[in-house]
Structures are given as C-alpha cells and as structure tokens.
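Residue 126 in the numbering used here sits at position 71 of the sequence shown; the count goes up by one each step and never skips.
The structure under discussion appears below in the form of structure tokens.
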Amino acid sequence: MEKVKLLIIALLLSLKIFAQDNGSVITSFEKIDFKDIKTEVLAKKSNFNFEKLFKRYQLNDTTLDIVDYKYLYYGYTFTDKYEPYAQNSEQEKKINKLLGKPNPSTTDYKNILKLTTEIFKENPFDLDMIWIT
Numbered sequence: 056m057e058k059v060k061l062l063i064i065a066l067l068l069s070l071k072i073f074a075q076d077n078g079s080v081i082t083s084f085e086k087i088d089f090k091d092i093k094t095e096v097l098a099k100k101s102n103f104n105f106e107k108l109f110k111r112y113q114l115n116d117t118t119l120d121i122v123d124y125k126y127l128y129y130g131y132t133f134t135d136k137y138e139p140y141a142q143n144s145e146q147e148k149k150i151n152k153l154l155g156k157p158n159p160s161t162t163d164y165k166n167i168l169k170l171t172t173e174i175f176k177e178n179p180f181d182l183d184m185i186w187i188t
C-alpha cells in the first residue's frame, strides 16, 4: 500500500500543472521598443494612443490586455505629465506620517486611500503608491 502511495505521489509531482492557460502566462521577455511606443502613444488615430488608453484604464476597462498595459506604462514617459525627478508631494508626506503611526486606525487607512487616489491623478503609475494600496 505504501508503494502505491509513493508511486501516485511521484507521478503527480512529475506532472506539469498550470493554474492558467499559456495565453495569459508570460513565458518570455521581450526588448521594449521605445520608438514604437512613442509613435503609437502620441498618434491620435492609434489604438494605443495614450489618452484613449488612459481613459479606458480610469474606467477599469476589463478588456485591456497585457499589450495595452505595456503601452500605458511605458507610454506615460512620453506625456507632458511625466516628471521623473519630481519631489515628494504633500500627499506623500501625509501618507508616510500616517503609515509611521504605531497602530494606524481605520480612518487613517481611509485617508491613505483618499490621498493615494489624489496622487494617481497626477502620477498614475507611481510604483511606491501602487505598493501602498
């Protein structure tokens, strides 16, 4: 009986098990073509025009796919709002103060969400704020 159990376990461990189909799993990395992204996000008639994609993003459009997100994330660097060397905003300072409390309250967390929402209006892909929320 023990041998049968061990055989079954060995067979199960040798199988490749995926929780998702291969269409939604990233199996390789590709070099980012910034020239193409810049051309597409700035072209008014492009399907990847930043303003069009960003409106869909703000509406939580569930049809956005990995390619759309690639153009959004990297394309943001070609917009006028992109400021790579911007200093911490007042909202970020308030968030850090709230997070620095020993025992933040529910109200503190609600305020943090409100503040991060304000920050996302200015910098929608701020990785620090994404991590906090």
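C-beta atoms are modelled at their ideal positions from N, C-alpha and C, and glycine is treated no differently.
Quick caveat: nothing in here was measured; it's all calculated off a predicted structure.
Under the three-state reduction of DSSP, residue 87 is assigned to coil, being neither helix nor strand.
In the structure shown, residue 155 adopts coil according to DSSP, grouped into three states. Contact between residue 150 and residue 182 does not hold, since the beta-carbon distance rounds to 14 Å and is not under 8 Å. According to the DSSP assignment, residue 171 belongs to the alpha helix (DSSP H) that extends over 161-177. The C-alpha of residue 160 lies about 21 Å from the C-alpha of residue 174. Taking a contact as a CB-CB distance under 8 Å, the pair residue 126 and residue 108 counts as one, their CB atoms being some 6 Å apart. Here residue 138 carries a coil assignment [DSSP, helix/strand/coil].
Counting of Cβ neighbours within 10 angstroms places residue 130 among the buried residues, the total reaching 16 or more.
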